[in-house]
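Right, here's the structure in full:
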């Protein structure tokens with residue numbers, strides 16, 4: 001019954017609006033009687049109401065609108081000119097419809113008022129327009145009712161298709177009453193009879209007028225009666241979304257102003273000011289809550305079209321899919337709703353496309369032929385969760401694994417360390433899903449990375465779980481509103497910055513002593529071991545260009561580390577000070593800052609100063625945590641470096657001189673040589689040595705893992721000791737890499753890919769002999785340097 | 797925006813930058829305010845002096861000297877700022893000194909002198925010969941979107 005009531009409600013709201021428009025249109029039409037557009041619009045409105053009335057079983061209403069429509073047809077077609085009496089009659093009809101709608105609204109059905117006289121007059125106006133015009137002074141609304149009623153049946157029968165029309169005529173009123181009594185026993189049938197006889201003998205103009213007057217009085221009274229019950233029109237107002245957005249923004253401003261006042265009052269000992277500030281605080285909070293509510297819409301609006309989509313898609317694929325929805329009433333901010341619409345459609349399309357199997361296959365698997373797509377929405381922890389689950393084929397992790405390796409998304413070694421539940425999310429990574437073949441075999445994935453990105457754009461997240469043969473569940477987490485964002489305020493170099501709390505994992509404070517011990521460096525890239533996980537550190541002041549890059553060995557101070565998760569990459573952001581959490585309103589930055597990736601916007605703080613909001617994904621990118629490398633971190637339950645089942649390699653461990661260690665896969669090393677300083681000659685920009693009849697260039701690796709030409713002034717060359725050189729072959733090119741010390745060769749070392757991205761050729765690191773050691777791939781490493789060398793060589 | 801005919805005199809809000817008189821059509825000027833503390837934006841283009849809270853609106857403040865490639869100011873006297881209406885919202889321009897609103901005669905209209913410094917030319921629309929000096933008219937949108945790092949003339 002709920003659904004039906006909703007329909008009625010919608011119908012009422014819509015009709016009231018239409019009627020208001022009808023009033024205006026009719027009035028305007030009196031001045032310009034031949035305005036075809038307006039006439040057409042009036043016709044449409046009446047027609048719409050009529051249609052809905054028939055559908056909702058409101059025969060009286062239907063009849064009046066029907067007759068009104070009949071009158072409007074010749075008007076619209078230009079066969080009749082709108083005269084004042086006709087306009088009056090039409091307006092009266094509008095009033096009558098309105099009165100009946102109010103009755104419907106109050107739950108009394110169409111009410112008991114009788115409108116036969118009106119019907120008669122509407123008919124009369126159509127058939128005898130001149131009669132009303134002849135004598136406008138004498139009761140203009142009463143135009144020979146009896147005649148018109150007598151005339152009616154013929155014209156009515158020809159002009160209408162409604163089954164009710166046959167009854168119209170002298171017995172029309174009683175017929176109507178019978179109808180009423182028959183179809184709506186709910187309605188109190190309170191003596192409508194007097195009207196009928198009166199009408200049956202309507203020669204008496206005075207009584208006729210009295211009747212119509214009475215009827216009109218009733219209609220006028222109706223609003224009075226319903227006023228107390230807050231008429232639907234008053235209860236709901238259609239508003240421009242722009243106006244709402246403006247209000248939300250204004251309330252945001254008010255919140256900021258409130259914050260300022262409250263802060264000001266705190267620094268003041270004025271009791272009345274305190275009280276006023278408190279009151280303002282309270283009212284603002286309530287107002288903010290209320291205004292934000294105005295933009296809340298049920299999630300139903302986002303997935304209302306899905307059943308149809310599923311039905312059509314399933315049909316075209318020869319599949320049978322039932323869609324079940326739960327929590328359709330769950331409310332979420334309109335902007336979030338808009339943002340989630342496309343991703344949702346995309347996911348559902350994918351489920352039907354690839355998730356749910358063909359009926360035959362389902363039967364073969366022992367499942368019912370009809371697949372089920374389940375949508376579930378609910379609130380959890382201040383967020384909205386949408387679960388999309390199906391009972392389809394699930395995702396074959398073996399295929400995903402194979403494809404991921406083939407596409408170069410993860411390395412072979414890495415793939416073997418990932419558990420089943422870690423493999424599935426790989427389909428959400430970019431590069432995976434673009435290939436059609438992958439979609440076909442894996443069952444999911446056209447543009448899933450786009451879906452993920454879109455959801456992350458509004459501060460949401462997407463998780464995927466799948467069991468082969470049993471189905472897949474996608475879980476979308478989105479914030480309820482985008483207007484207000486909880487942030488953590490931090491300070492660095494004297495300025496405050498806001499970090500969205502959605503990405504915040506934890507806060508770690510370590511004192512300078514611990515920092516010295518526990519911050520490890522891979523060259524100059526600091527890492528912190530947080531519960532045995534290596535956490536790359538980014539210094540905020542360095543990223544903002546406010547502090548020169550720190551190097552290993554720099555004096556350490558106490559560190560405040562904000563552990564963050566940006567797009568699946570965890571890293572620690574080192575800040576000077578952690579201040580507080582706060583709710584802020586995001587404001588966009590101007591065009592000058594669009595190129596800067598590290599800001600998401602700005603906000604005005606309680607004291608009126610402006611605070612920049614950090615974009616963590618941008619920060620992670622500029623800090624070298626993400627980007628560059630195809631490999632991205634997948635949330636992993638067990639750190640891969642704790643795993644034992646991985647391929648092994650022999651590694652050459654060398655010291656680069658600045659106390660940092662590097663491991664070079666032995667497979668890429670040709671020989672280890674020692675050259676005396678005196679052996680070194682200069683050739684152009686290069687330092688070279690004679691080696692087995694060849695002239696080979698020497699390179700060195702600096703702390704930032706940049707390949708460089710050996711520096712004459714560098715330690716290695718200045719010292720008298722022989723130069724330890726790793727000789728390396730790449731095809732017919734040979735080169736030497738000068739290192740400070742050869743430390744060790746380790747066999748059967750487990751080698752894992754590590755999430756840390758960064759410079760090409762230096763993608764991985766691991767803990768060897770209790771030291772963080774970076775594995776470098778000389779091949780990639782020296783490629784550009786060798787090209788340089790070759791160019792110079794051949795040029796010379 | 798500028799729909800005035802040639803015959804009608806145009807009003808310009810004028811200000812001094814490095815001794816020269818510049819002007820912007822009054823309808824493109826939102827207001828003139830004393831410079832308030834700004835929030836610096838690390839990594840921002842050099843022309844950007846910071847962000848200012850203008851009654852709840854965040855306004856980017858640009859150093860007009862920097863935009864026009866003029867040397868930085870020697871004195872630390874309080875600068876004034878002209879808040880202009882650009883197609884990208886309000887933008888603040890830091891200037892040395894505020895002048896009068898001037899009505900100029902279109903007859904005095906001149907194209908921008910070709911000898912003007914290269915760096916400045918894109919930002920200037922035209923010039924007017926006043927009795928004693930030249931009034932250089934700025935192109936609001938170009939100034940507001942100037943991001944190039946200025947190299948100050950020594």
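Protein chains in written order, with the numbering used here: chain H, 1 to 796; chain U, 797 to 950. Just so you know, even glycine gets a beta-carbon here, dropped at the ideal spot from N, CA and C.
To which residues of the same chain is residue i closer than 8 angstroms at the C-beta, ignoring the five residues directly before and after it?
| i | result |
| --- | --- |
| residue 18 of chain H | 45, 48, 49 |
| residue 11 of chain H | 52, 56 |
| residue 41 of chain H | 21, 25 |
Spatial neighbours of residue i within its chain, please: CB distance less than 6 angstroms, with the 5 preceding and 5 following residues excluded, ordered by chain position.
| i | result |
| --- | --- |
| residue 725 of chain H | 673, 675, 736, 738 |
| residue 931 of chain U | 817, 819, 924 |
| residue 454 of chain H | 343 |
| residue 288 of chain H | 251, 255 |
| residue 540 of chain H | 492, 573, 575 |
Tell me which residue opens and which closes the beta strand (DSSP E) that residue i is part of.
| i | result |
| --- | --- |
| residue 557 of chain H | That residue, residue 557 of chain H, is in no beta strand (DSSP E); it is neither H nor E in DSSP. |
| residue 925 of chain U | 920-925 |
| residue 541 of chain H | Premise fails: residue 541 of chain H lies in the alpha helix (DSSP H), 540-543, not in any beta strand (DSSP E). |
| residue 376 of chain H | 371-380 |
| residue 569 of chain H | 569-575 |
For the candidate residues the options, whose alpha-carbon lies nearest to that of residue i?
| i | options | result |
| --- | --- | --- |
| residue 882 of chain U | U:844, U:842, U:936 | U:936 |
| residue 601 of chain H | U:819, U:905, U:837 | U:837 |
| residue 665 of chain H | H:613, H:745, H:622 | H:745 |
| residue 301 of chain H | H:570, H:397, H:337, H:68 | H:337 |
| residue 481 of chain H | H:391, H:556, H:245 | H:245 |
| residue 425 of chain H | H:452, H:531, H:583, H:360 | H:452 |
| residue 109 of chain H | H:99, H:774, H:117 | H:99 |
| residue 876 of chain U | U:810, U:827, U:831 | U:831 |
| residue 679 of chain H | H:651, H:671, H:670, H:691 | H:691 |
| residue 797 of chain H | H:534, H:579, H:545, H:517 | Outside the shown range of chain H, which is 1 to 796, sits residue 797 of chain H, and nothing can be said about it. |
| residue 811 of chain U | U:853, U:861, U:834 | U:861 |
| residue 457 of chain H | H:478, H:466, H:681 | H:478 |
Can you give me the C-alpha to C-alpha distance between residue i and residue j, rounded to a whole angstrom?
| i | j | result |
| --- | --- | --- |
| residue 594 of chain H | residue 618 of chain H | 12 angstroms |
| residue 395 of chain H | residue 448 of chain H | 14 angstroms |
| residue 842 of chain U | residue 814 of chain U | 18 angstroms |
| residue 809 of chain H | residue 606 of chain H | Residue 809 of chain H is absent from the structure shown; chain H starts at 1 and stops at 796. |
| residue 1025 of chain U | residue 866 of chain U | There is no way to answer for residue 1025 of chain U, as the model of chain U reaches only from 797 to 950. |
| residue 552 of chain H | residue 390 of chain H | 52 angstroms |
| residue 341 of chain H | residue 299 of chain H | 9 angstroms |
| residue 127 of chain H | residue 16 of chain H | 29 angstroms |
| residue 614 of chain H | residue 501 of chain H | 11 angstroms |
| residue 33 of chain H | residue 83 of chain H | 8 angstroms |
In terms of residue numbering, what span does the alpha helix (DSSP H) encompassing residue i cover?
| i | result |
| --- | --- |
| residue 41 of chain H | 36-55 |
| residue 799 of chain H | No information on residue 799 of chain H is available, as it lies outside the stretch 1 to 796 that chain H covers here. |
| residue 618 of chain H | 616-622 |
| residue 264 of chain H | 241-266 |
Helix or strand or just coil, what does DSSP make of residue i?
| i | result |
| --- | --- |
| residue 357 of chain H | coil |
| residue 448 of chain H | helix |
| residue 425 of chain H | helix |
| residue 808 of chain U | strand |
| residue 849 of chain U | strand |
| residue 33 of chain H | coil |
| residue 835 of chain U | strand |
| residue 115 of chain H | coil |
| residue 611 of chain H | strand |
| residue 127 of chain H | helix |
| residue 66 of chain H | helix |
| residue 733 of chain H | strand |
| residue 108 of chain H | coil |
| residue 304 of chain H | coil |
| residue 674 of chain H | strand |
Beta-carbon within less than 7 angstroms of residue i's beta-carbon, same chain only, minus the 5 sequence neighbours each way: which residues are those?
| i | result |
| --- | --- |
| residue 307 of chain H | 323 |
| residue 314 of chain H | 320, 321, 352 |
| residue 93 of chain H | 64, 68, 118, 122 |
| residue 884 of chain U | 940, 941 |
Using a Cβ-Cβ cut-off of 8 angstroms, state whether residue i counts as contacting chain B.
| i | result |
| --- | --- |
| residue 856 of chain U | Absent from the structure: chain B. Protein chains present are H and U. |
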